[in-house]
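What follows is one structure encoded as structure tokens, with my remarks underneath.
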Amino acid sequence: MNARSRRVPLSEAASSMRRKILKAASAGTLLSGLSSLAPRASAQQKTLNIASYGGSYNDALRKAWLDPFERETGIKVNLGVNASLSLAKLQTMNPNGAEWDIVDLTATEYSIAQGQNVLVPLDPKLVDTSRMLPDYVASHGFCYALYIWGMAWDRRKIPDASAPRSWVEFWDTKRYPGKRSLLAVNNDGASMEAALLADGVPESKLYPLDVQRAFRSFDKLGRENIVWANGNQEPVQRLTSGECSLAGMYVGRAIMANRAGAQIGFSLTQSNVGMDYLGVIRNARNKPEAFALLNYIATHPERAAEFTAITSYPVPIKGLASLLPPNAADVKAVLLDDPMVRAKVHFKDTKWWVDNLPQVAAAFKQWQLI
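The structure is reproduced here in structure tokens:
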């Protein structure tokens, strides 16, 4: 029996496999090592836990990235919900191992988490971000989704031609009686901006935010007319159930809901643009696998295009528009590289929110109790 055909003892094979994986990792090719070298039975023993937003958003993450990643690597991925409430948990996480390995954070939360040493720095040997737009790659993570938050309505009650085209009109309870769903101020200040715009503040003068004026604007709308949403899917549920006729919500949620048969109209006028970041938690139990997933997301532009086509949330990769399928017309209409779209929206002042988010969130909770 020659050397090529002889059976290798199990211990020798395992040792050889370990040397190959270590060599791949040292060369910066951890993902390929995990997918092509590691035995699938071993990979299946690893499970990544990600804090995300739930609902149709998690479905899109699974279809575009997570299911293909699982098939190619054998690494299971669990998705949590209510990432918007995760920063406080991260700040008091178990020193023996965090509940999550990867967390989905807004730009403000990312900056706070990075400053508080909650996240592990990105290792360029493990995560190749060369296909991403450089402005969206940071030291401890990267922006993987841009999103637009603005006015939406139930078309069964409010035809598009009669819908509000400004937050001043959105606040008009005589013209539009009934309840509105607005995003609670815990990790994001979109509703605070809307309140100030409704009170007549120009977009160019929003910052620094006049917090007390925003609360007075909420009072003018009427507490009984506001249903506060703590999750990003809640406004969809409020509109489709008929509980609310108007909502402040993410455009991508409206598009996904309409594809499933909902009748939600929306406007980009006076909308704000935010960003979602992915980062690996310092106390994560599965750091190598977490970096492998981040590398997969950063290096598969066709997957990024699918995620964008599903959600309308652009992934900041090079050449995105050319990768979108022809049937994604509803998505192309909201891409931020379109000058007509950019003329309708504004970007939140992330620096201001980094400096003020905890105080504003606490003031909001106090205002709710008054």
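Our numbering applies: residue 850 is where the sequence shown begins, and numbers increase by one.
Ideal placement from N, C-alpha and C gives every residue a C-beta, glycine not left out.
Which of helix, strand or coil DSSP assigns to residue i
i	result
K1023	coil
W998	strand
K974	coil
W1077	strand
V986	strand
A1096	strand
R911	helix
A900	strand
N1205	helix
D950	coil
D1198	coil
K1214	helix
V926	strand
I1219	coil
Whole-Å CB distance - residue i paired with residue j, under 8 Å assumed
i	j	result
A994	V1203	The pair is not a contact, with the Cβ atoms about 19 Å apart (cut-off 8 Å).
A956	V1060	That belief does not hold up - the Cβ atoms of A956 and V1060 are roughly 19 Å apart, past 8 Å.
A1106	L1031	No, A1106 and L1031 are not in contact; Cβ-Cβ is about 18 Å, not under 8 Å.
I1130	L975	Not a contact, Cβ separation roughly 15 Å.
V1194	L1095	The Cβ separation is near 19 Å, so there is no contact.
Y996	Y1126	Not really, about 12 Å apart at Cβ, beyond 8 Å.
Y902	D953	7 Å
Nearest residue (CA-CA) to residue i, options the options
i	options	result
E1083	N1036, A1103, D916, L1070	A1103
G1097	K1023, W1002, R1134	W1002
D977	A962, S1040, P1150	P1150
G1159	A1177, L1169, S1171, G1168	First, the amino acid is wrong: residue 1159 is Ile here, not Gly. Comparing Cα positions, the closest option is A1177.
R1191	K1200, K1181, R1108	K1181
R1065	P1057, V1017, L1045	L1045
A962	G1080, E1073, N1132	N1132
V1050	G1071, G1080, S1015	S1015
L1218	P973, D1068, L1058	D1068
A1010	F1115, V986, E1073	F1115
K791	Y1056, G1091, G1128, T1089	Since the first residue of the chain shown is 850 and the last is 1219, residue 791 is not available in this structure.
S905	K1136, G1101, N1135, P1175	G1101
G1128	A909, G964, R911	G964
G1091	A1109, I1007, L1058, R1134	I1007
G1110	A909, Y902, V926, R1005	R1005
P1207	S960, D953, T1022	S960
Q1220	P983, V1034, D916	The chain is shown from 850 up to 1219; residue 1220 falls before or after that span and cannot be answered.
I1113	S1053, M1000, M1189	M1000
Q1119	N1074, A1047, A1063, D1179	A1047
G1071	M1041, T1022, K1054	T1022
G1168	P973, K912, D908, S979	S979
E1073	M1189, Y1099, W1020	W1020
E1052	Y1025, V1017, R911	V1017
A909	N1205, T1089, N927, F1156	F1156
V1209	M1041, Y1025, P1175	M1041
R1108	V926, R1062, D1179	D1179
A1063	N1081, G1080, A1043, K1054	A1043
Sequence-distant residues of the same chain with beta carbon closer than 7 Å to residue i, five excluded per side
i	result
M981	F991, A1147, P1165, I1166
L880	Residue placement at L880 cannot be trusted, given a pLDDT of 35 that sits under 50; what the coordinates show is reported in the next sentence. So the qualifying residues of the chain are A1141, N1144, Y1145.
N1135	K895, L897, D950
Neighbourhood of residue i by C-beta, 6 Å cutoff - its chain only, sequence neighbours within 5 removed
i	result
G929	A900
L1173	A1154, A1158
V914	At residue 914 the sequence reads Trp, which differs from the Val that was named. Contacts found: I1146, R1152.
A1012	W1002, G1114
V986	T978
Cβ neighbours of residue i in the same chain (closer than 8 Å, five flanking residues each side left out)
i	result
C1093	D1003, G1027, K1028, R1029, S1030, V1076, P1084, R1087
A1039	W998, L1032, G1097, N1121, G1123, K1197
N966	R1131
A1170	K1181, L1184, D1186
S988	Q963, P970, L971
N907	S901, L928, V930
Problem - Segments assigned beta strand (DSSP E), at least 3 residues, entirely inside the stretch 1106–1190 - result: Runs of the beta strand (DSSP E) inside the stretch 1106–1190: 1113–1115, 1120–1129.
Practice task
Please go through the stretch 1007–1068 and give each complete beta strand (DSSP E) segment of 3 or more residues, from N-terminal end onward.
Solution key: 1029–1032
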